[in-house]
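**Student:** If you scroll down you'll find the structure; I have some questions about it.
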Amino acid sequence: MENNRELQGLGGWLILVGIGVVMSPFRLLVNLVSTYKPVFENVTWEDLTTEGAEFYVPYLSSLLVGEITFNVIMFVASIILVYLFFSKHYLFPKLYIGTLVAYLIFIPLDAWVVTKTFPDTEMFDPETIKNFSRAIAVGIVWVPYMLLSKRVKATFVENLPRKEAQPTTESIG
Numbered sequence: 038m039e040n041n042r043e044l045q046g047l048g049g050w051l052i053l054v055g056i057g058v059v060m061s062p063f064r065l066l067v068n069l070v071s072t073y074k075p076v077f078e079n080v081t082w083e084d085l086t087t088e089g090a091e092f093y094v095p096y097l098s099s100l101l102v103g104e105i106t107f108n109v110i111m112f113v114a115s116i117i118l119v120y121l122f123f124s125k126h127y128l129f130p131k132l133y134i135g136t137l138v139a140y141l142i143f144i145p146l147d148a149w150v151v152t153k154t155f156p157d158t159e160m161f162d163p164e165t166i167k168n169f170s171r172a173i174a175v176g177i178v179w180v181p182y183m184l185l186s187k188r189v190k191a192t193f194v195e196n197l198p199r200k201e202a203q204p205t206t207e208s209i210g
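Residue numbers for the sequence shown follow my numbering, beginning at 38 and rising by one.
Laid out in structure tokens, this is it:
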């Protein structure tokens, strides 16, 4: 039990996780605004999504709405992760892993949908490869850490539901 107390707290490798968790909402917000704001300025949205318009692209509106929705969900999840991390909530490792897995699924899925919307587009362009490689590397490093680390198990214990006492044959009668 003494060893567990030494491992409790946001120390060790969790400091690196914490830095990433704190930076994530800012990174996502900057990315969201810089990527999608120009689409909604002036008449760009109408030019791209109105059938018959000069720059109309079929299904582009669905693609953009899907990407924006995913990014907004990830932004909200990143804010929740900051709270869970600093409150040492037992759900932090699960949500953290869940967001990493969501990125690993979304990046190639989004790349595939982009190629269906823009057939001349390369599915794995350099930016997609960079993002997917980063997601894989983060997953390879931090998923096992979240699942196996004694520090993670000792730290993220707040609000852990109490296990109800299971009735035994002696207590039943």
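We put the beta carbon where it would ideally sit given N, CA and C, even for glycine. This structure is a prediction, so every number in the text was calculated from the model and none was measured.
List the whole-angstrom C-beta distance separating residue 124 from residue 195, where the pair is believed to meet the contact cut-off of C-beta under 8 angstroms.
**Tutor:** With a Cβ gap of about 6 angstroms, residue 124 and residue 195 count as contacting.
**Student:** Report yes or no: do three or more beta-carbon pairs, one from the region 108 to 115 and one from the region 58 to 73, lie closer than 8 angstroms?
**Tutor:** They touch, by the three-pair rule.
**Student:** In its own chain, which residues sit with a C-beta less than 7 angstroms from the C-beta of residue 158, not counting the 5 before and 5 after it?
**Tutor:** These residues qualify, in order along the chain: 151, 152.
**Student:** Do residue 77 and residue 85 count as a contact pair if the criterion is CB distance below 8 angstroms?
**Tutor:** Not in contact: residue 85 and residue 77 (Cβ atoms no closer than 8 angstroms).
**Student:** Hey, residue 140 and residue 90: beta-carbon distance below 8 angstroms or not?
**Tutor:** Contact: no.
**Student:** Cα-Cα, which of 186, 155, 117, 48 is closest to residue 95?
**Tutor:** Out of 186, 155, 117, 48, 155 has the C-alpha closest to the C-alpha of residue 95.
**Student:** Does the beta-carbon of residue 120 have 16 or more other beta-carbons within 10 angstroms, so that it is buried, or is it exposed?
**Tutor:** Classification for residue 120: exposed.
**Student:** Buried or exposed for residue 185, please, with buried defined as at least 16 other CB atoms from any protein chain shown within 10 angstroms of its CB.
**Tutor:** Exposed.
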